[in-house]
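Numbering (the numbering used here), first residue to last: 22 to 244.
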């Protein structure tokens, strides 16, 4: 399987998603459209991973619209798609739904709660890394997958092969450090009231990688 990854900022990479691809014997190609403007074609994409970034899907940038053109083709082809944060928002925007400012900025570690059993075996509660202040609508026909204390729409599953999460399960320890040391000014004003040092001091829960693997297994097996 060829997994094409769209990365939107240097400090938010695929993390444990890359571990999953290697464990399964898949090939991963990482694109940086914000810098180079290149995208894979739909024909050469067996799975699409759309990562986070500091931009908004509401920004008037040509590459953001071009990215949604690719997502639209892959949705029509029933290709497995996983989106994290900005990536999830891009899926929702492609489907014609809104992405707006959330009730509060969430930056740091906080619990998320499973709201659907459509993906078997997911824990009822997990601790995830949040790094966002916008939120998405849940598309018609999708299942609400996760909520947090401060935001209801934290994740969705659509047609068994598309998952979007507003937060992050994919970062490993080094990835969290990279996010914090480069984007620490963004932490200010978060409702979670955590400092950069407090975010760094928290170990990444081992179960987050397991859940990331479960989600990717699910969408790849149900295309």
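Note that CB positions come from ideal geometry on N, CA and C, so glycine has one too.
Predicted model, so just to flag it, every value in this text is computed and none were measured.
To the nearest angstrom, how far is it from the Cα of residue i to the Cα of residue j?
{"i": "residue 107", "j": "residue 150", "result": "14 Å"}
{"i": "residue 172", "j": "residue 93", "result": "27 Å"}
{"i": "residue 37", "j": "residue 50", "result": "15 Å"}
{"i": "residue 52", "j": "residue 32", "result": "14 Å"}
{"i": "residue 114", "j": "residue 243", "result": "23 Å"}
{"i": "residue 192", "j": "residue 235", "result": "15 Å"}
{"i": "residue 240", "j": "residue 45", "result": "14 Å"}
{"i": "residue 28", "j": "residue 74", "result": "8 Å"}
{"i": "residue 142", "j": "residue 230", "result": "14 Å"}
{"i": "residue 220", "j": "residue 161", "result": "35 Å"}
{"i": "residue 131", "j": "residue 203", "result": "21 Å"}
{"i": "residue 238", "j": "residue 117", "result": "27 Å"}
{"i": "residue 214", "j": "residue 205", "result": "13 Å"}
{"i": "residue 139", "j": "residue 109", "result": "18 Å"}
{"i": "residue 30", "j": "residue 201", "result": "13 Å"}
{"i": "residue 209", "j": "residue 133", "result": "21 Å"}
{"i": "residue 97", "j": "residue 186", "result": "20 Å"}
{"i": "residue 17", "j": "residue 163", "result": "Nothing about residue 17 can be read from this structure; the chain reaches only from 22 to 244."}
Keeping to the same chain, check which residues put their C-beta closer than 8 Å to that of residue i; ignore five residues upstream and five downstream.
{"i": "residue 111", "result": "71, 78, 85, 88, 89, 92 and 104"}
{"i": "residue 228", "result": "144 and 147"}
{"i": "residue 207", "result": "75, 128 and 152"}
{"i": "residue 222", "result": "none"}
{"i": "residue 165", "result": "136, 137, 159, 173, 174, 176 and 177"}
{"i": "residue 232", "result": "143, 144, 147 and 190"}
Return helix, strand or coil for residue i, following the three-state DSSP convention.
{"i": "residue 142", "result": "coil"}
{"i": "residue 225", "result": "coil"}
{"i": "residue 38", "result": "helix"}
{"i": "residue 163", "result": "coil"}
{"i": "residue 22", "result": "coil"}
{"i": "residue 48", "result": "strand"}
{"i": "residue 154", "result": "strand"}
{"i": "residue 60", "result": "coil"}
{"i": "residue 76", "result": "coil"}
{"i": "residue 108", "result": "helix"}
{"i": "residue 101", "result": "coil"}
{"i": "residue 137", "result": "coil"}
{"i": "residue 219", "result": "helix"}
{"i": "residue 91", "result": "helix"}
{"i": "residue 54", "result": "helix"}
{"i": "residue 115", "result": "helix"}
{"i": "residue 33", "result": "coil"}
Measuring CA to CA, which of the options is closest to residue i?
{"i": "residue 121", "options": "187, 155 and 147", "result": "155"}
{"i": "residue 245", "options": "131, 95, 209 and 52", "result": "Since the displayed the chain opens at 22 and closes at 244, residue 245 lies outside it and no answer follows."}
{"i": "residue 168", "options": "181, 100 and 188", "result": "188"}
{"i": "residue 180", "options": "102, 228, 206 and 74", "result": "102"}
{"i": "residue 83", "options": "215, 56, 98 and 30", "result": "56"}
{"i": "residue 224", "options": "40, 194 and 64", "result": "194"}
{"i": "residue 54", "options": "40, 209 and 62", "result": "62"}
Among the residues of its own chain, which have a CB less than 6 Å from the CB of residue i, if the five just before and after it don't count?
{"i": "residue 199", "result": "32"}
{"i": "residue 184", "result": "103, 178, 236 and 240"}
{"i": "residue 119", "result": "158"}
Between which residues of its own chain and residue i is the CB-CB distance below 7 Å, once the five residues before and five after are set aside?
{"i": "residue 196", "result": "34 and 36"}
{"i": "residue 66", "result": "23, 25, 95 and 100"}
{"i": "residue 125", "result": "171 and 212"}
{"i": "residue 59", "result": "52"}
With a threshold of 6 Å (Cβ to nearest heavy atom), would residue i be considered close to the ligand FAD?
{"i": "residue 213", "result": "Ligands displayed in this structure: none; no statement on the ligand FAD is therefore possible."}
* Asked: Considering only residues of the segment 186-216, which uninterrupted beta strand (DSSP E) runs meet the minimum length of 3 residues and lie entirely inside it, listed in chain order?
  -> none
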